[in-house]
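>
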Amino acid sequence: REPPPLVGDLVAPGDFVVLVTPIDEAAPKGRLILPQQQTIRDLLDHGAVAVVTKETEFSDTLKALGTKPSLVITDSQVFGQVAAETPPDIPLTSFSILMARRKGLLEAAVHGVAAIEALEDGDAVLICEGCTHHRQCGDIGSVKLPRMLARHTGKSLNIQLCSGSDFPEDLLGCALVVHCGGCMLNERTMAYRMQSAQSQGVPITNYGTAIAYFNGILSRSLGVFPTLQAILQGNQSL
-16 REPPPLVGDL
-6 VAPGDFVVLV
4 TPIDEAAPKG
14 RLILPQQQTI
24 RDLLDHGAVA
34 VVTKETEFSD
44 TLKALGTKPS
54 LVITDSQVFG
64 QVAAETPPDI
74 PLTSFSILMA
84 RRKGLLEAAV
94 HGVAAIEALE
104 DGDAVLICEG
114 CTHHRQCGDI
124 GSVKLPRMLA
134 RHTGKSLNIQ
144 LCSGSDFPED
154 LLGCALVVHC
164 GGCMLNERTM
174 AYRMQSAQSQ
184 GVPITNYGTA
194 IAYFNGILSR
204 SLGVFPTLQA
214 ILQGNQSL
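Under the numbering used here, the residue at position 144 of the sequence shown is numbered 127, and the numbers go up by one with no gaps.
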């Protein structure tokens, strides 16, 4: 089965789409990360116009554009700022959420995010990255997400990390798995990881879904996927 387009089914030819791509200490030198590259290519393949900016120029970019974009796609790390600066009538989502949908993880991620509210002191949270890049001082998986989890829950959590092919078979000691968008992993690998967590009764979510939730904008970030937005709105624990 062919995976869905990354973003091409959400836009029409001639649509303007603004992509917000921070360049911080954790960004690779001289290039964009793979989800950003793939999103630009998919937009071009579907005849849309990709406008790329950093978060520091995002507000000015919207004002200078001269036309309302059909969609704003942001790096999850600046979700809060971008949401505040994006008018409510402009759809907003993130690269990580789009990638999770393409890899078949997004629906499980929307269900799994509720487990954040049940975390207790000492609970193990497994944060998984599909790639094996050198971790920087501002790394999202090892630094920013643990900080966000601690701030949101107020709990002292046992953060465990895995990367690349290093995914544990036994997850029964985990209260939650938080996975990246999986841009470096194929759909079969992502399906195995999702099914492994679900078969062991361990909730699984992903970076973009969790960060949108922390910022109180998860429903808005799922507006481009009405079925998933309805699932979220029907979940009384969120």
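Backbone N, C-alpha and C define an ideal beta-carbon position, used for all residues, glycine too.
Taking the alpha-carbon positions, what's the residue 120 to residue 195 distance?
Confidence at residue 120 is low in this model, with a pLDDT of 45, below 50, so its placement is unreliable and no value can be given for it.
> Is it the case that the CB of residue 141 approaches a heavy atom of the ligand MG more closely than 7 Å?
This structure simply doesn't include the ligand MG, nor any ligand for that matter.
> Round the Cβ separation of residue 169 and residue 83 to the nearest angstrom and send it over; I've been treating them as touching at under 8 Å.
The Cβ separation is near 14 Å, so there is no contact.
> Tell me which same chain residues have a C-beta within less than 7 Å of the C-beta of residue 66, skipping the five on either side of it?
If we look at residue 66 and ignore the five residues flanking it on each side, its Cβ neighbours are 75, 198, 200 and 203.
> Do three or more CB pairs link the segment 82 to 99 to the segment 29 to 43 at distances below 8 Å?
Not touching, per the Cβ criterion.
> Note down the Cα distance separating residue 21 from residue -11, rounded to an integer number of angstroms.
About 8 Å.
> Can you tell me whether residue 85 is buried or exposed? The criterion is at least 16 other CB atoms within 10 Å of its CB, across all chains shown.
With 16 or more Cβ atoms within 10 Å of its Cβ, residue 85 is classed as buried.
> From residue 7 to residue 214, what distance separates their C-alpha atoms?
Answer to the nearest angstrom: the Cα atoms are 34 Å apart.
> Per the DSSP calculation, residue 6 is bridged to which residue(s)?
According to DSSP, which records beta bridges pairwise, residue 6 is partnered with nothing at all.
> Rounded to whole angstroms, what is the Cα-Cα separation between residue -2 and residue 193?
Each residue's Cα considered, the two are about 28 Å apart.
> Assign residue -4 to one of three DSSP states: helix, strand, or coil.
Three-state result, residue -4: coil.
> Return the bridge partner residues of residue 112 from the DSSP annotation.
DSSP output for residue 112 lists 146 as bridge partner(s).
> Looking at C-alpha atoms only, which residue of 87, 77 and 54 is the closest neighbour of residue 71?
Minimum Cα distance to residue 71 is reached at 54.
> Taking a contact to mean a Cβ-Cβ separation below 8 Å, would you say residue 187 touches residue 162 in this structure?
In contact: residue 187 and residue 162 (Cβ atoms closer than 8 Å).
> Would you decide whether residue 211 is buried or exposed? Buried here means 16 or more other CB atoms lie within 10 Å of its CB.
Classification of residue 211: buried, given that the 10 Å Cβ count is 16 or more.
> Would you tell me roughly how many angstroms separate the C-alpha atoms of residue 205 and residue 78, rounded to the nearest one?
Cα-Cα distance, rounded: 12 Å.
> Under three-state DSSP, which class holds residue 223?
Residue numbering for the chain in the displayed model covers -16 to 221; residue 223 lies beyond these limits and cannot be assessed.
> Among the candidates 14, 26, 141 and 149, whose CA atom is the shortest distance from the CA of residue 81?
For residue 81, the nearest C-alpha among the options comes from 26.
> Just list the residues that DSSP pairs residue 189 with in beta bridges.
Paired residues: 162.
> Go ahead and pull the three-state DSSP assignment for residue 120.
Caution is warranted here: a pLDDT of 45 is assigned to residue 120, below 50, making its placement in the model unreliable, and no coordinate value can be reported.
> Helix, strand or coil, according to DSSP, for residue -11 in the structure here?
If DSSP states are grouped into helix, strand and coil, residue -11 belongs with coil.
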